[in-house]
Amino acid sequence: MQEDLTARLRKSYSYEIIGKDRENDFDRITEMAALICNSKISLISFSDGTKLWCKAVKGLSVKELSAVLPLSTYSLASAEIFITADMFNDERFKEHPEIGSGEKIRFYAAYPLTDNNGVVLGSLSVMDTVPQKITTTQQKLLSLLVEEISSLIQERVKKAEDKNIGLLFEHSDDLICILDKDLRFKRMNSSFNTKLGWTEQELKQKTLLDIVPADGIEQADRIWENFKNHAQQEDPTHQIAIKDGGFRMIEWTATAEERDGVIFAIGRDVTAEMEKNHALRVSEQKLKAFFESSQGLMCTHDIEGNLISLNPAGARSLGYRRSELIKKSLFDIIPAERHPNLRQYLQDIIERAIQRGI
């Protein structure tokens, strides 16, 4: 089977296909399949790559089903239509499932059930205890039933996806919205209200750019044009206004549909992160200013004592230019008799990550 079969089929639980009670829609299809082929038995099965589930069955008891169900693995493995008029004359079958009072399966036909990506989800099978050939017309009718099963699966896929999108919309702390090609709000989650104060009714009358502060419009417009044109951008972050005043910085991830230009977007509030980074830059600038203006000796060095930087006043006090000292180490500017102390100082830094004086 395909490598992604297991992962794909485990999602079938959310599709409400397997792991759920029998459903009339699938039961009717097994009934029609048996009638089309004039066969005693038909079933619809699904697999997650490790286990088989029977979704609908006609003509078998629970005990008989357990003996017959493994036949479904043939179509799952090949991903092709699998037909044998008489299993007794088919070398591919080493075992012949037994049902009822010693009767064994002779005729077997299976049609793979695939999703839109071609991944095999299961099979529709018909079988009988007597040899049988099926006509071209019967095969065509079975193919139509497979298409009907695929439609049922896709309905459940859409139902599950709609449910999951609904949960994501309601429970995510991020700003999530669907916009039309003109950036008008089509749908948005409650975070726009809880974090920014904008109600759904208000946003339905606006575009996203309508809630961007005036000094952020140019940047925001450029970002959303890039999203619409599927262009890469380094920093898709811009201001979004808070209804009662102020703004938050929002980093966006968005995808625009090729067909109609509808945009699916998720915005993460990075205001606190940006403020923290700004404070760090200011702190670094202040430290640099203090370093440069200090009248005492200040320097940075590596764990071997090689000088990395030195303040101007410190270089002058030693009788050097800064450019000359950068090529030296502490061992060059500290008297030889204090080198043992210097070595201990450097060793203490390695071991304790801090040291005060030599």
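Under the numbering used here, the first residue of the sequence shown carries the number 109, and numbering increases by one thereafter.
Glycine is no exception: its CB is placed at the ideal position from the N, C-alpha and C atoms.
Keep in mind that this is a model prediction, so the values were computed, not measured.
In the structure shown, the three-state DSSP call for T307 is coil.
DSSP places L229 inside the beta strand (DSSP E), whose first and last residues are V228 to D236. Counting the other Cβ atoms within 10 Å of the Cβ of N146 gives fewer than 16, which makes it exposed. Within the same chain, Cβ atoms closer than 6 Å to the Cβ of T363 are found at F372, the five residues on either side in sequence being excluded.
Cβ-Cβ distances below 7 Å link S402 to N419 and A421 in the same chain, with the five nearest sequence neighbours on each side left out; the list follows chain order. In this structure, the alpha-carbon of R367 lies about 42 Å from that of L143. Under the three-state reduction of DSSP, N297 is assigned to coil, being neither helix nor strand. Under the DSSP assignment, Q393 falls outside any beta strand (DSSP E), being part of the alpha helix (DSSP H) whose first and last residues are T379 to S401. With fewer than 16 other beta carbons inside 10 angstroms of its own, S169 counts as exposed.
As computed with DSSP, K212 is found in a beta bridge with E206. Remark: C-beta atoms of F293 and K312 approach each other more closely than 9 Å.
In the DSSP assignment, E333 falls within the alpha helix (DSSP H) that extends over I325 to K336. Per the DSSP secondary-structure output, S417 pairs in a beta bridge with T408. Contact annotation: L433 and L450 have beta-carbon atoms that are not nearer than 9 Å. In the DSSP assignment, F190 falls within the beta strand (DSSP E) that extends over F190 to T192. The beta-bridge partner set that DSSP reports for Q347 consists of M357. Under DSSP, S174 takes part in no beta bridge, so it has no partner. If you draw a straight line from the Cα of L184 to the Cα of P220, it is about 6 Å long.
Annotation for I149: the continuous beta strand (DSSP E) segment containing it runs I149 to S155. Where A164 is concerned, the enclosing beta strand (DSSP E) starts and stops at L160 to K166.
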